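Enquirer:
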Amino acid sequence: MRHLMNPLDFSVKELEDLFTLTDDIMASPEKYRHRCDGKILATCFYEPSTRTRLSFESAMLRLGGQVLGFASADSSSAAKGESVSDTIRIISCYADICAIRHPKEGAALVAATKATIPVINAGDGGHQHPTQTLTDLMTIHALKGSFDNMTVGLCGDLKFGRTVHSLINALKRYSNINFIFISPEELRIPGYIREDVLDRNHIPYREVRKLEDVMPELDILYMTRVQRERFFNEEDYVRLKDYYILNKDKMSLAKKDMMVLHPLPRVNEISVEVDEDDRARYFDQVRYGVYVRMGLILTLLELI
Ligand code: NCD
């Protein structure tokens with residue numbers, strides 16, 4: 006039985022197979038319409054979500070399966086004090102596969118150790134968000150065709166942004182990837198990622214404060230929201246929340262084929278005027294996210 010906790014749980018070859026499968030699902034969805042007949046997906050979300058939870062549910066329904074679950078901790082027995090370990094044992098009796106989101110780092114891993122069904126980490130605190138990374142990679146695969154030879158700028162809350170941590174982990178395995186981290190001092194990429202992931206693997210990176218200065222170099226710009234819910238005080242959040250706002254002027258400095266990605270939800274960090282720009286790809290990302298989750302469910306349930 007396989008779980009997905011971190012993008013590195015899949016080898017580069019396995020990811021390639023997943024993207025090939027996802028291409029086929031997108032090209033011939035009717036072939037997959039009954040692939041999960043009789044199967045049940047549980048979505049156990051202890052933290053708010055729109056895209057991740059609903060895209061998992063949409064993916065399972067499009068495969069012919071069914072879904073059950075809860076969308077907040079207060080509507081589950083967590084409100085009565087039940088542990089994640091106990092809840093997942095229960096869920097293992099009700100469903101064939103489970104996607105779990107939890108505010109605590111490592112909660113999905115705890116669930117995986119007690120589960121008798123495949124568990125997917127749908128976000129654990131400020132740590133990892135591997136299925137957003139599958140979505141990001143699938144978007145790059147579909148629109149650029151390759152993961153090699155890119156300068157990738159990650160901008161915003163690099164400290165608490167779990168999507169950023171997972172994406173760096175995944176991209177570091179391709180060749181000639183150069184990272185530029187654009188953040189205020191307070192929201193720099195965590196030390197453990199700089200040391201254990203980047204320095205140890207000799208991955209080139211720079212840290213800068215101003216987005217304008219690096220715009221012309223970027224092949225991908227990955228914007229992120231300042232993660233209000235992970236701040237210790239509101240004052241710091243208010244001071245940092247509008248530090249970066251991507252607008253038309255800044256876009257005019259970028260390459261003609263640069264791609265802007267964002268895991269969403271967006272707050273103010275991308276001005277709506279950018280949505281019309283052909284290089285804005287964050288709404289396409291959402292569509293790829295459903296198909297790649299269909300591929301993931303089939304892979305983990307060994308139904309391919
Ligand atoms: C992200 C998350 O939950 O980490 N959202 C998502 O799943 N698409 C990003 C965010 O909340 O800022």
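Just so we're aligned, residue 6 is where the sequence shown starts under our numbering, counting upward by one.
For every residue, glycine included, the Cβ atom is placed at its ideal position computed from N, Cα and C.
Owing to the predicted nature of the structure, the values given are computational and were not obtained by experimental measurement.
With respect to the alpha helix (DSSP H) encompassing V295, which residues constitute its N-terminal and C-terminal limits?
Expert: Indexing the sequence shown from 1 puts residue 295 at position 290. From DSSP, the alpha helix (DSSP H) with V295 extends over Y287 to L305.
Enquirer: Answer yes or no: the CB of T25 versus the heavy atoms of the ligand NCD, is any distance below 6 Å?
Expert: Start at 1 with the first residue of the sequence shown, and residue 25 comes out as number 20. No, Cβ of T25 sits at least 6 Å from all heavy atoms of the ligand NCD.
Enquirer: Taking the alpha carbon of V272 as the point to measure from, which residue in V243, Q133, I198 and N206 has its own alpha carbon closest?
Expert: Counting from 1 along the sequence shown, the entry for residue 272 is found at position 267. Minimum Cα distance to V272 is reached at V243.
Enquirer: I want to check one thing, is the minimum distance from the CB of R167 to the heavy atoms of the ligand NCD below 6 Å?
Expert: Numbered from 1 along the sequence shown, position 162 holds the residue referred to as residue 167. Yes - the ligand NCD has a heavy atom lying nearer than 6 Å to the Cβ of R167.
Enquirer: Along the chain, which unbroken stretches of the alpha helix (DSSP H) at least 4 residues long are found entirely within the segment 203-235?
Expert: Within the segment 203-235, the complete alpha helix (DSSP H) runs of at least 4 residues are 216-219.
Enquirer: Taking its Cβ as the centre, do 16 or more other Cβ atoms sit within 10 Å of M6, making it buried, or is it exposed?
Expert: Translated into positions along the sequence shown, residue 6 becomes position 1. Exposed is the call here.
Enquirer: What beta strand (DSSP E) runs, 3 residues minimum, are completely inside the segment 134-171?
Expert: Listed in chain order, the complete beta strand (DSSP E) runs (minimum 3 residues) inside the segment 134-171 are 155-160.
Enquirer: Taking 8 Å as the threshold, find out whether the segment 36-47 comes into contact with the segment 248-258 through three or more Cβ pairs.
Expert: Counting Cβ pairs under 8 Å, fewer than three are found: no touch.
Enquirer: Taking its Cβ as the centre, do 16 or more other Cβ atoms sit within 10 Å of T136, making it buried, or is it exposed?
Expert: The count along the sequence shown starts at 1 and reaches residue 136 at position 131. When all chains shown are included, T136 counts as buried.
Enquirer: I'd like to check one pair, L245 with V265: are the Cβ atoms closer than 7 Å?
Expert: Locating residue 265 in the sequence shown gives position 260, counting from the first residue. Locating residue 245 in the sequence shown gives position 240, counting from the first residue. Not in contact: V265 and L245 (Cβ atoms no closer than 7 Å).
Enquirer: For Y227 and F237, what's the separation of their Cα atoms in angstroms?
Expert: Locating residue 227 in the sequence shown gives position 222, where the first residue counts as 1. Locating residue 237 in the sequence shown gives position 232, where the first residue counts as 1. Rounded to the nearest angstrom, the two C-alpha atoms are 25 Å apart.
Enquirer: Only counting the same chain, and skipping five residues up and downstream in sequence, which positions put a Cβ closer than 6 Å to that of S97?
Expert: Along the sequence shown, read from residue 1 onward, the residue named residue 97 stands at position 92. Same-chain partners within the cutoff: A120, T121 and I122.
Enquirer: Does the CB of D204 have a neighbour CB from chain C at under 7 Å?
Expert: Chain labels in this structure do not include chain C; a single protein chain is all it has.
Enquirer: Considering M264, what are the terminal residues of the beta strand (DSSP E) in which it resides?
Expert: Taking the first residue of the sequence shown as position 1, residue 264 is located at position 259. Segment M264 to L266, the beta strand (DSSP E) holding M264.
Enquirer: Please state if the CB of G294 and the CB of D23 are separated by a distance shorter than 7 Å.
Expert: In the sequence shown, counting from the first residue as 1, residue 23 sits at position 18. In the sequence shown, counting from the first residue as 1, residue 294 sits at position 289. Going by the sequence as given, residue 23 is Leu instead of Asp. The answer is no: Cβ separation not under 7 Å.
Enquirer: Taking only three categories from DSSP, how would you classify T48?
Expert: By 1-based counting over the sequence shown, the position of residue 48 is 43. Looking at T48 - three-state DSSP - the assignment turns out to be strand.
Enquirer: From the DSSP output, read off the bridge partner residues of F184.
Expert: Here the question's residue 184 lines up with position 179 in the sequence shown. F184 pairs with V157 and Y210.
Enquirer: With L223 and K260 assumed to form a contact (beta carbons below 8 Å), what rounded beta-carbon distance in angstroms separates them?
Expert: Locating residue 223 in the sequence shown gives position 218, counting from the first residue. Locating residue 260 in the sequence shown gives position 255, counting from the first residue. Confirmed, about 7 Å.
Enquirer: Below 8 Å CB to CB, which residues in the same chain sit around D14 once its five sequence neighbours on both sides are set aside?
Expert: Taking the sequence shown and counting its residues from 1, one reaches residue 14 at position 9. Once the five neighbours on either side are set aside, the close Cβ partners of D14 are R7, H8 and P135.
Enquirer: For E274, tell me which candidate among D247, R284 and V297 has the shortest Cα-Cα distance.
Expert: Looking up residue 274 in the sequence shown gives position 269. The shortest Cα separation from E274 among D247, R284 and V297 belongs to D247.
Enquirer: In three-state terms, what does DSSP make of L308?
Expert: By 1-based counting over the sequence shown, the position of residue 308 is 303. In the structure shown, L308 sits in coil (DSSP, three-state: anything other than H, G, I, E or B).
Enquirer: Cβ atoms of C160 and L73: under 7 Å apart, would you say?
Expert: Your numbering for residue 73 matches position 68 in the sequence shown. Your numbering for residue 160 matches position 155 in the sequence shown. Cβ atoms of L73 and C160: not closer than 7 Å.
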